[in-house]
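Engineer: I have a structure here, written as structure tokens, and I will follow up with some questions on it.
Residue numbers (my numbering): 1 to 727.
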């Protein structure tokens, strides 16, 4: 790289898709004749060197897929000959400089997948040669940039996954050459402009996950439109589905789920869409039942169908004319009582029949489907599994929670050698965890067996690549297997409500990814000396027999609760878990058991309640400034509440009741214990030394419109904390 400056007559330089990780050398300024520069797909870091701004002949600049930080430099506007500029997927932050509007010759601009904030500058209206603009996956805000309506040559406009608000202007038709418009996952509202669909060239419209409301209309459509993709799912649209949708005969993908039709739907209007490959009509809130036999006869090319949340009828009396290409079928919550025979399709790869009324045994032929990789049977009334001599090695996800399965976990599951996620929770399985599950140790990432009747111990050496292990609410005994120390990917370990009898598993601190540790309601015992859990965000060791004191610096190395710094591009990335699966747990919060169906990656909690800890509360607790829930109740802590707790500004729930604390509540906490707070606090202190009254101040983010209330629980009781004053 250092010799590049010697090539002074170079006009084109392509160093893309290498492993360069150093800074771009400043000697690049010597390449004064350079017109083409591609440094994409490397590991360049550090600021974009200002020397590039002196390459006045550049027409093509690609710095995408690197790690450039900081703002887009304003000198970028000096490269007046640029026709192509790509800064996609870096670590660029700050606002877009208005100087980009000086690049009058630009035809391609991609700033996507960065951390750019603010509004799109009005100077973008000067880029009248632009044909493609992509600013998706940033943090841009403001209303739809009106300046963009000047870009009459624009064919692709990507605004997705930002924070744009307001309406889409009706005169978007001024973008008369537009083929792709993606404004998905923003906060756009108002009615969807029907004029958008009258643009003759429009082929792809993606506006899902917004706040559009009102009726969906398509305007005056004279000739068959070119539209191939229409995705408006997850908005607030309502009213009848327009019959004119039948004119979009070139549609390949149609997603209009969560559309509040408020009445009957004529499903025959979709029969004209013969080219459909993906159709999502889930959750339409319609009174019309879908006859699956008739409906499927409309489509010969359909590969993906989602009718979840609608009432579906299907009979197995006659062969159903199913598209031979159908490979994904979602019928969750459709009220079906039998598994349709047409599902017996050698191309089927994804099958979701959860939340129905199917009973009896799961048919054995399901395991023979050669391409089936995802099967969701959860929330039915299945009682057992029929096995098969031939098992589908392609199955990766088996979700069978919340049924009526009994007996032992079937051994044929051990033969599903490609299994990645196995959820058998909330059933009545008994017996031991099958030792043969060791066969899955190189593929299994998630294992949930919670809420069954399993006994025995946790097997050794069967959890090599697990990210989630949940065996809570069973009858398991013994000690935690030391082989868990080899599960270097483990993020969630939940063994609550069993009969484990062991000391605190200090050795788990060596697991680099552990984020959730739940040992609640077992027979764990002994002290818990200082240890380091750098990634731990939720720890619940309540209702055991732990004892001893905690050193003042006990929480010093719990760095994840000190600063999370997590960012998300997509909603699913907000939650802990892996593809197709979200981790869940039950947590004590504000005196009540709260089920977290999806655990936010920013959620933090510490629950040491119901043990025998003594001594002072560690002052290092104040370092956990991202903490949301802290419960130290029902122990033997003594001394003062540390003033460092005043640093816990994210705290929503605090319970230190039923201890032997004394002295005044620290001045630093007085700001929390007020009716303007967002904290829920259960210090349960006395009004004065003479009386032992409880003051339960519950101030909740969750409860009521005012988000604040004072419980009327003022009762005469005797507390261990009877010498505390100063609420």
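Beta carbons: idealized from backbone N, C-alpha and C, even for Gly. Small disclaimer: the values here were computed from a predicted structure and weren't measured.
Along the alpha helix (DSSP H) that carries residue 293, what are the first and last residues, could you check?
Structural biologist: That run of the alpha helix (DSSP H) goes 292-296.
Engineer: Note down, one range per segment and in chain order, each alpha helix (DSSP H) of at least 4 residues found wholly within the segment 8-46.
Structural biologist: Complete alpha helix (DSSP H) runs here, min 4: none at all.
Engineer: Going straight from the alpha carbon of residue 417 to that of residue 405, what length do you get?
Structural biologist: Residue 417 and residue 405: Cα-Cα distance of roughly 22 Å.
Engineer: Out of 639, 455, 429, 464, which has the shortest C-alpha to C-alpha gap to residue 441?
Structural biologist: Closest by alpha carbon: 464.
Engineer: Where does the unbroken beta strand (DSSP E) through residue 494 begin, and where does it stop?
Structural biologist: Segment 492-494, the beta strand (DSSP E) holding residue 494.
Engineer: Counting along the chain, where does the beta strand (DSSP E) carrying residue 165 start and finish?
Structural biologist: Taken as a continuous stretch (DSSP letters only), the beta strand (DSSP E) holding residue 165 covers 163-166.
Engineer: With C-beta atoms as the reference, is residue 468 less than 8 Å away from residue 448?
Structural biologist: Cβ atoms of residue 468 and residue 448: closer than 8 Å.
Engineer: Indicate the three-state DSSP secondary structure (helix, strand or coil) for residue 455 in the structure shown.
Structural biologist: Of the three classes helix, strand and coil, the one that applies to residue 455 here is strand, per DSSP.
Engineer: Does the Cβ-Cβ distance between residue 313 and residue 286 come in under 8 Å?
Structural biologist: Not in contact: residue 313 and residue 286 (Cβ atoms no closer than 8 Å).
Engineer: Can you have a look at residue 523 and say buried or exposed, based on whether 16 or more other CB atoms are within 10 angstroms of its CB?
Structural biologist: Result: exposed.
Engineer: Please go through the segment 591-670 and give each complete beta strand (DSSP E) segment of 3 or more residues, from N-terminal end onward.
Structural biologist: Counting only runs of 3 or more, we get 592-596, 605-607, 612-615, 629-631, 636-639, 653-655, 660-664.
Engineer: From the beta carbon of residue 645, is the nearest beta carbon of chain D less than 8 Å away?
Structural biologist: No chain D appears in the structure shown, which is made up of a single protein chain.
Engineer: Under the three-state reduction of DSSP, which class applies to residue 314: helix, strand or coil?
Structural biologist: Of the three classes helix, strand and coil, the one that applies to residue 314 here is coil, per DSSP.
Engineer: On a Cα-Cα basis, can you pick out the residue from 511, 482, 478, 481 that is closest to residue 491?
Structural biologist: Nearest of 511, 482, 478, 481 to residue 491, Cα basis: 511.
Engineer: Buried or exposed: which applies to residue 22, given that a residue is buried once 16 or more other Cβ atoms fall within 10 Å of its Cβ?
Structural biologist: Residue 22 comes out exposed.
Engineer: Quick one: grab the DSSP three-state call for residue 575.
Structural biologist: Interpretation of residue 575 is limited by its pLDDT of 46, a score under 50 that renders its predicted location unreliable; the figure taken from the coordinates is listed afterwards. In the structure shown, residue 575 sits in a strand (DSSP, three-state: E or B).
Engineer: So is residue 543 buried or exposed if we call it buried at 16+ other beta carbons inside 10 Å?
Structural biologist: Answer is buried; the Cβ neighbour count reaches 16.
Engineer: Please classify residue 451: is it buried, with 16 or more other beta-carbons within 10 angstroms of its beta-carbon, or exposed?
Structural biologist: Flag for residue 451 reads buried.
Engineer: Check each candidate in 612, 107, 9, 396 and name the one with the smallest Cα separation from residue 367.
Structural biologist: Taking only the C-alpha atoms, the option nearest residue 367 is 396.
Engineer: How would you write the range of the beta strand (DSSP E) that residue 158 sits in, first residue to last?
Structural biologist: Counting along the chain, the beta strand (DSSP E) containing residue 158 begins and ends at 156-158.
Engineer: For the beta strand (DSSP E) holding residue 92, just list the boundary residues, first then last.
Structural biologist: Where residue 92 is concerned, the enclosing beta strand (DSSP E) stretches over 91-95.
Engineer: Under the rule that 16 or more other beta-carbon atoms within 10 Å means buried, what is residue 309, buried or exposed?
Structural biologist: Buried, by the Cβ-count rule.
Engineer: Would you say the beta carbon of residue 380 comes nearer than 7 Å to a heavy atom of the ligand NAP?
Structural biologist: Of the ligands one can find in the structure shown there are none, so the ligand NAP has no counterpart to examine.
Engineer: Look at the alpha carbon of residue 215 and the alpha carbon of residue 94, and state the distance between them as a whole number of angstroms.
Structural biologist: So the alpha carbons of these two residues sit roughly 37 Å apart.
Engineer: Tell me where the beta strand (DSSP E) around residue 86 begins and ends.
Structural biologist: Element bounds for residue 86: 84-86.
Engineer: With distances taken from CA atoms, which of 622, 372, 401 is nearest residue 558?
Structural biologist: Comparing Cα-Cα distances from residue 558 to each of 622, 372, 401, the minimum goes to 622.
Engineer: Name the residue from 660, 554, 634, 665 whose alpha carbon lies nearest to the alpha carbon of residue 618.
Structural biologist: Out of 660, 554, 634, 665, 554 has the C-alpha closest to the C-alpha of residue 618.
Engineer: Whole angstroms is fine: what's the gap from residue 795's alpha carbon to residue 245's?
Structural biologist: Because the chain spans 1 through 727 in this model, residue 795 falls outside it and cannot be assessed.
Engineer: Where residue 663 and residue 140 are concerned, what is the direct C-alpha to C-alpha distance, given to the nearest angstrom?
Structural biologist: Using only the alpha carbons, I get a separation of about 50 Å.
Engineer: Helix, strand or coil for residue 408 per DSSP?
Structural biologist: The answer is strand: DSSP assigns residue 408 an E or B state.
Engineer: Is DSSP giving residue 196 helix, strand or coil here?
Structural biologist: In the structure shown, residue 196 sits in a helix (DSSP, three-state: H, G or I).
Engineer: Please state the DSSP three-state secondary structure of residue 174.
Structural biologist: Residue state, collapsed to three classes: helix.
Engineer: Pull the bridge partners of residue 482 from the DSSP assignment, please.
Structural biologist: None; residue 482 has no bridge partner.
Engineer: In three-state terms, what does DSSP make of residue 359?
Structural biologist: Residue 359: strand per DSSP, three-state reduction.
Engineer: Check whether the Cβ atoms of residue 343 and residue 304 sit closer than 8 Å, and answer yes or no.
Structural biologist: It is not a contact, given that the beta carbons lie outside the stated cut-off.
Engineer: Tell me, to the nearest whole angstrom, how far the beta carbon of residue 636 is from that of residue 616; I am working on the premise that it is less than 8 Å.
Structural biologist: Residue 636 to residue 616, Cβ: 11 Å. No contact.
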